[in-house]
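The structure under discussion appears below in the form of structure tokens.
What follows is the structure, given as structure tokens:
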């Protein structure tokens, strides 16, 4: 059957991809933490600016920091490529990037311990900051029963390898985006918390403000906080010299409960995105600028000549 032949070919391609992925991870683990991180940073710092994604990075920086001098934006774009490369390479050695390993300091650990001891669920939120996997490692180290949401890889064999790498530093409860909702809800009823990154584009989501521009954001974090009458607990991470990190558990965000659930949800979503924006403004090099965060209308506005351009243009 044609379908069976295509399935066989697809499976072979997936297995070959997984073999290459596993070989790369093995090589990076042999290099050790510093050299693996440095290699990843060097590769994307060298190759990233040559890709089409560089245009997205520069446009994102223009939207977020319209008053920043062009040369500063160029330097920031190059530095974020280094960060992104390091983050990808560090996935292979994440079991070394934990509080127990001495490379992660934690501010506000008492908040995570209080959550652990309460036996109640919370919605832990953050964005794609520095090596965002480090925040999950801290949650696990704090002993918080927590389901970590993730986007499953298209290749099921690669997805299994990624899950195995995360299991090395303690993640046991996964909630794949899309098809993991039932397990997620059941876990929260048991008292499991959930960890979400809230700074990705979600076309079906309501519109909130991010860096003074409209974005469509996922309502999931706010809706879950309302449904389970709990708080959103924000986390952040910054990269320190020497492949080290500082993770901070911030003051909880209380989502207002009123008769207008839609308004309450929107306010919660806005608060979550404002938290991420504040962290990005503090450490802009740490954010994942390669993601096309804003809607098309915001990017299109960048290409329109300003009134000053029109006045100064040819008559």
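In this note's numbering, the protein residues as written are 70 to 384.
All C-beta atoms, glycine included, are put in the ideal place defined by N, C-alpha and C.
Exercise for the section: Could you tell me the distance, in whole angstroms, from the CA atom of residue 263 to the CA atom of residue 202? Expected result: 14 Å
Practice task
Work out the CA separation of residue 353 and residue 137 for me, nearest whole Å.
Solution key: 12 Å
Handout entry: C-beta contact flag for residue 367 and residue 282 at 8 Å
Key = yes
Handout entry: Environment of residue 151 [buried if 16+ CB atoms lie within 10 Å]
Key = buried
Problem - Proximity to residue 284 [Cα-Cα], best of 83, 140, 362, 298 - result: 362
Problem - chain C within 8 Å of residue 235, Cβ atoms only - result: In summary, chain C is missing from the structure at hand, where a single protein chain is found.
Problem - Beta-carbon proximity list for residue 300, same chain, < 8 Å, skipping 5 on both sides - result: 191, 192, 294, 321, 322, 323, 324
Problem - Proximity below 8 Å, CB of residue 153 to CB of residue 349 - result: no
Exercise for the section: Spatial neighbours of residue 345 within its chain, please: CB distance less than 6 Å, with the 5 preceding and 5 following residues excluded, ordered by chain position. Expected result: 196, 268
Problem - Neighbour-count burial assignment, residue 88, 16 or more Cβ in a 10 Å radius - result: exposed
Handout entry: Coil, strand or helix - residue 219 by DSSP
Key = strand
Handout entry: Distance between residue 95 and residue 101 (C-alpha atoms, nearest Å)
Key = 10 Å
Practice task
Using three-state DSSP, classify residue 278 as helix, strand or coil.
Solution key: strand
Problem - Element boundaries [beta strand (DSSP E), containing residue 263] - result: 262-266
Problem - Local Cβ density within 10 Å of residue 79, reported as buried at 16 or more and exposed below that - result: exposed
Handout entry: Exposed unless 16 or more other CB atoms sit within 10 angstroms - verdict on residue 216
Key = buried
Practice task
Give me whichever residues DSSP pairs with residue 194 in a beta bridge.
Solution key: 265, 303
Exercise for the section: Decide if residue 176 is buried, meaning its Cβ has at least 16 other Cβ atoms within 10 Å, or exposed. Expected result: exposed
Handout entry: Nearest candidate by alpha-carbon position, reference residue 84, set 273, 327, 260, 227
Key = 227
Practice task
Measure the C-alpha to C-alpha separation of residue 229 and residue 372 and round it to an integer number of angstroms.
Solution key: 42 Å
Practice task
Name the two residues that bound the continuous alpha helix (DSSP H) containing residue 344.
Solution key: 330-351
Problem - Nearest to residue 168 (by Cα), restricted to the options 280, 258, 314, 144 - result: 314
Handout entry: Stretch-stretch touch, CB-based, cutoff 8 Å, three pairs: the region 113-121 with the region 334-345
Key = no
Problem - Length-filtered (4 minimum) alpha helix (DSSP H) runs lying within the region 116-181 - result: 122-133, 139-159
Problem - Burial state of residue 149, where buried means 16 or more other Cβ atoms lie within 10 Å - result: buried
Problem - Neighbourhood of residue 128 by C-beta distance below 7 Å, restricted to the same chain and skipping five residues each side - result: 368, 371
Practice task
Could you tell me if residue 379 is buried or exposed, where buried requires 16 or more neighbouring beta carbons within 10 angstroms of its beta carbon?
Solution key: At residue 379, the pLDDT of 44 sits below 50, so the modelled position is not reliable; the number obtained from the coordinates is stated separately. Result: exposed.
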